[in-house]
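Chemist: Throughout the sequence shown, residue numbering follows the numbering used here, covering -15 to 74 in sequence. Glycine included, each C-beta is placed from N, C-alpha and C at the ideal position. Structure incoming, see below.
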Amino acid sequence: EIKMQDIRAIGFDMDYTLAQYKEPQFDKLAFDGAVRKLVTDKGYPEPVLNFTYNNANQFWIRGLIMDTQRGNFLKIDRHKYVRVAYHGFQ
């Protein structure tokens, strides 16, 4: 039995087993929601609200791990090998 009051986050796998997603519409919806949450809930500066979703950049779609404590971004492939790593925006 799952107690929903103990759930802090729900993720979507997007492997199409439960639903078919329309890309890039679903991606834009997720992006816009994340931007709003960063500003309203996490205290990011208001100019973040001006960020726009660009579906031409496939880097952010799959295999992205964000280390929020250290500021690292890892892009992994389907075999879980790190292909690209960033610290902040460097």
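In three-state DSSP terms, what is A69?
Modeler: Residue numbering aside, residue 69 sits at position 85 when the sequence shown is read from its first letter. Under the three-state reduction of DSSP output, A69 falls in the strand class.
Chemist: To which residues of the same chain is V19 closer than 7 Å at the C-beta, ignoring the five residues directly before and after it?
Modeler: Residue numbering aside, residue 19 sits at position 35 when the sequence shown is read from its first letter. The residues are V32, L33, F35.
Chemist: From R68 to F57, what does the alpha carbon distance come to, in whole angstroms?
Modeler: As a working mapping, residue 68 is identified with position 84 in the sequence shown. As a working mapping, residue 57 is identified with position 73 in the sequence shown. Note that residue 68 corresponds to Val in the displayed sequence, not to Arg. Going from the Cα of V68 to the Cα of F57 covers about 8 Å.
Chemist: Taking the Cβ atom as the reference point for each residue, do F15 and Y37 lie within a distance shorter than 7 Å?
Modeler: For this step, residue 15 is matched to residue 31 along the sequence shown. For this step, residue 37 is matched to residue 53 along the sequence shown. Yes, Cβ-Cβ distance for F15 and Y37 is below 7 Å.
Chemist: Given this structure, state the Cα-to-Cα distance separating G47 from H63, to the nearest angstrom.
Modeler: The residue you call residue 47 lines up with position 63 of the sequence shown. The residue you call residue 63 lines up with position 79 of the sequence shown. In this structure, the straight-line span from the alpha carbon of G47 to that of H63 is close to 10 Å.
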